[in-house]
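The next block holds one structure in the form of structure tokens; read it before the comments.
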Amino acid sequence: MSQTKLTKIQHGLESTAGTGVAATFLWKGNGKFKFLDSVHTPELEYAIGVLGGNVEGAFIGDTGSELTLADTEMSAENLIWLLNQAVKSVPGPTTTFAFTFPTTAANTIKTFTWEFATGAQEYEFAYGFCSKFSVSGDVNANNGRMMLNAVMNGRVASASTVTASLGFLANHEPLNLNNATIKIDAVGTAAGTAAATSGLLKAFSLDCETGWTIDAARYADGRSAKDFSTLTFGDYKLTGKLRALLNAAAVTQIANARAGTPIIVQVAVNGSSSRVVKFNLPLVFTDTPELGSDENGLHVVEFPFSAGYSRTSTAQAPEINITASTSTTLS
Amino acid sequence: MTKLILLDETKAELFSFARECETTEQAQADLIARGWTNADALKHIDAAVAAGAYAKTATAARAEKSATEK
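Those protein sequence lines, which keep their order, are chains S and E.
Quick note on numbering: the working numbering labels position 258 of the first sequence as 273, and the sequence is numbered without any gaps.
Quick note on numbering: the working numbering labels position 20 of the second sequence as 81, and the sequence is numbered without any gaps.
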């Protein structure tokens, strides 16, 4: 008997970065794991008097872990856990979590120990953090379900026994783009100030390279496991796409795209009991849309964008602002 | 709506205003004549103003003043 999926993926909040802890919650989604152990084979690669080279003599250069979390339903709750290890440490207890991207100095983030199981063996790695994540939603695909995927990295993985009998994050409610609004302002105006533009947004996606990477975290710090030492921030990158019906409001955005005029966009995805995930994005369209594409007989246009800091007073950085249904504490 | 003055013809063209629209009032009338709703027209003009196609009155007044003083 064999199983093709990881049977369990679960995480626990580390109180000291890199010191492994028992997991506390099951991740609601599938994933794939890759051992980032680099094997070098000098006796195969160099001239040593044997045709074909020797298979012996291999050694390990450096090590690490990469857990790819496959597309799963985005909720306010799983985003709170994910963004704490991707964008900014906001552990609560609070109901509103402001994950603001850094402007002049790196944010601090939380690290997690991730455990996962296959049918045959269980593993764990400590110092887990998120190096990339994407969210997406399309009212004409997947029934508008907002989806989330991510790449988690960490120190070397070791065989282990996963923590038993864990549950999912409390209050997890999948969110839907059909219950979202888009508000568009000029730079200098706080995100979400304008009235919602109706009849415009069809799809929204956001891809983030968090700026936290294994390579940036490597130092000659005497680690015999040859994994990384201390997390170090490079720079984040936020890109995405808006798909819209070609109407009067889209014509304005086509003009903005052609003129390179930056705007402030808020996509607020609502749920029940005060849940809302607001993507507040100072952005500039990086390409002009192509006219003539249709979707279900409607003329639609796509706006690829890059988000970043807006220096126009009142200045603002991108932020993912999440209101949960109840006061929540990261654990 | 406050009357604003055409500042950048190239940008105004990107926002699909005719070159003869010297003020935002004319731009508003132009859009409405082309079938836009008034609300859409006002939003479009706001975006054009933010992009620098039309000058805010005070800015335009200052520009005029400095031009006269030269």
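Glycine included, each C-beta is placed from N, C-alpha and C at the ideal position.
It should be emphasised that the depicted structure is a prediction, and the values quoted were computed from it without experimental measurement.
With a threshold of 8 Å between beta carbons, is residue 266 of chain S in contact with chain E? yes
Who are the near neighbours of residue 46 of chain S in its chain, counting only those whose CB is closer than 8 Å to its CB and skipping five residues on each side? 21, 24, 82, 83, 84, 85 and 131
Amino acids of chain E, ordered along the chain, whose beta-carbon sits closer than 9 Å to that of residue 201 of chain S: 107, 108, 110, 111 and 112
Would you identify the three-state DSSP class for residue 69 of chain S, choosing helix, strand or coil? coil
Distance CB(residue 103 of chain S)-CB(residue 115 of chain S) smaller than 8 Å: Yes.
Is there a Cβ from chain E that is less than 8 Å from the Cβ of residue 290 of chain S? no
Residues within the stretch 63 to 79 of chain E neighbouring chain S, beta-carbon criterion of under 8 Å: 72, 75, 76 and 77
Are any of the Cβ atoms in chain E nearer than 8 Å to that of residue 120 of chain S? no
Verify the CB distance criterion: does residue 196 of chain S have a CB-CB separation below 8 Å to chain E? no
Using the rule of at least 16 other Cβ atoms within 10 Å of the residue's Cβ for burial, across every protein chain shown, is residue 26 of chain S buried or exposed? buried
Within the continuous beta strand (DSSP E) that includes residue 221 of chain S, where are the two ends? That run of the beta strand (DSSP E) goes 216 to 224.
Taking buried to mean at least 16 other C-beta atoms within 10 Å of its own C-beta, is residue 169 of chain S buried or exposed? buried
Straight-line Cα distance separating residue 69 of chain S from residue 101 of chain S: 43 Å
List, in chain order, every chain S residue whose beta-carbon is nearer than 7 Å to that of residue 91 of chain E. Those do not exist, as residue 91 of chain E stays about 13 Å from chain S at its closest Cβ, beyond 7 Å.
Measure from the C-beta of residue 330 of chain S to each C-beta in chain E and report whether the shortest distance is under 8 Å. no
By the 10 Å Cβ neighbour count, where 16 or more other Cβ atoms means buried, how is residue 71 of chain S classified, buried or exposed? Exposed is the call here.
Please go through the same chain and pick out, in chain order, the residues whose beta-carbon is closer than 8 Å to the beta-carbon of residue 105 of chain E, but skip the five residues on each side of it. 76, 92 and 97
Kindly list the residues whose CB is nearer than 8 Å to the CB of residue 43 of chain S, restricted to its own chain and excluding five residues on each side of it in sequence; keep chain order. Excluding sequence positions up to five before and after residue 43 of chain S, its CB lies within less than 8 Å of the CB of 87, 88, 93, 183, 184 and 187, all in the same chain and listed in chain order.
In angstroms with no decimal places, state the Cα-to-Cα distance between residue 221 of chain S and residue 256 of chain S. 7 Å
So if I threshold CB-CB distances at 7 Å, which residues from the stretch 268 to 286 of chain S count as touching chain E? Listed in sequence order: 270, 271, 273, 274 and 276.
Nearest-angstrom Cα separation, counted from residue 100 of chain E out to residue 311 of chain S: Straight-line spacing of the CA atoms in residue 311 of chain S and residue 100 of chain E works out to 27 Å.
Residue 81 of chain S - containing beta strand (DSSP E), residue span: 80 to 88
Cutoff 6 Å; reference residue 261 of chain S; Cβ partners in own chain excluding five residues on either side: 314 and 316
So within the stretch 237 to 295 of chain S, which uninterrupted beta strand (DSSP E) runs reach at least 3 residues, ignoring any that extend past its ends? Runs of the beta strand (DSSP E) lying entirely within the stretch 237 to 295 of chain S and spanning at least 3 residues, in chain order: 252 to 260 and 278 to 285.
Classify residue 160 of chain S: buried if its beta carbon has 16 or more other beta carbons within 10 angstroms, exposed otherwise. buried
Do the stretch 150 to 164 of chain S and the stretch 318 to 330 of chain S make contact, defined as three or more Cβ pairs closer than 8 Å? no
Near-chain E residues of the stretch 241 to 263 of chain S (beta-carbon distance less than 7 Å), N- to C-terminal order: 263
Are residue 287 of chain S and residue 338 of chain S close, meaning C-beta to C-beta below 8 Å? no
Per-residue burial, residue 3 of chain S [other beta carbons within 10 Å of its own, 16 or more giving buried]: Given that chain S is displayed from residue 16 to residue 346, the structure contains no residue 3 of chain S and the question cannot be resolved.
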